[in-house]
Every structure is written in structure tokens, then in C-alpha cells.
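A.B. asks: The opening residue of the sequence shown carries number 709 in this note's numbering; numbering runs sequentially from there.
This is the structure I want to talk about, given as C-alpha cells.
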Amino acid sequence: MDLKPDIKATILEIAAIRGAEKSTCPSEIARKLFADQWRAHMAIIREEAITLQKQGLVLITQKGKPVDTRHIKGPIRIKILIKDQNN
């Protein structure tokens, strides 16, 4: 079973609920989707968040600053990106 669409949709859903001024932890997405097995799915959650960042839909940060996803070490946060409606 391919869970990637559900993971991406859940990342976007939770990030959108938080809004552009706040962020979410990947573990929140993992807990929502996988309950007691959430830790086993953290890598795929991060991978899908990186894919969404490459698509321009979210921003991955560490300590409140954008991070180069090729060199992530430690905890990350995910923020929704709001497209400028004037463009």
C-alpha cells in the first residue's frame, strides 16, 4: 500500500491549519498517521516534507531558519508557504 499521498496530504493539512506564522513537527504528522508505530515512519515523513519543499509548498526550518535539506542534522519544523496572490 502506497502511503505517500496520505503523508503529503497530512503534512499540508496540518501545516495549513498552523498557518504561515507557525510550524509543525514531523512527529505530529507521524503520530496522526501511524499512532503507536510513528517512530518507524519518521524517515518517510521527512522525505515527503523535503519533496513538498522542492515543490514550493512548504518550508523546512531548524531553529526558525530555512535549512539546506541536503545537510539536515537534528530536529526540523515544517511551515506552509502561502503563495502571493498578486503574482
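Backbone N, C-alpha and C fix where the C-beta goes; we use that ideal spot for every residue, glycine too.
Measure the Cβ-Cβ separation of residue 775 and residue 786 and say whether it is below 8 Å.
C.D. replies: no
A.B. asks: Taking only the alpha-carbon atoms, compute the straight-line gap between residue 757 and residue 719 and give it to the nearest angstrom.
C.D. replies: 7 Å
A.B. asks: What's the call for residue 753, buried or exposed, on a 16-neighbour Cβ count within 10 Å?
C.D. replies: buried
A.B. asks: Report buried or exposed for residue 784, applying the criterion of at least 16 other Cβ atoms within 10 angstroms of its Cβ.
C.D. replies: buried
A.B. asks: Would you list the residues sitting across from residue 769 in a DSSP beta bridge?
C.D. replies: 774, 785
A.B. asks: If residue 722 sits next to residue 736, beta carbons under 8 Å apart, how far is it from one beta carbon to the other, in whole angstroms?
C.D. replies: About 6 Å separates the beta carbon of residue 722 from that of residue 736, a gap short enough to meet the 8 Å contact definition.
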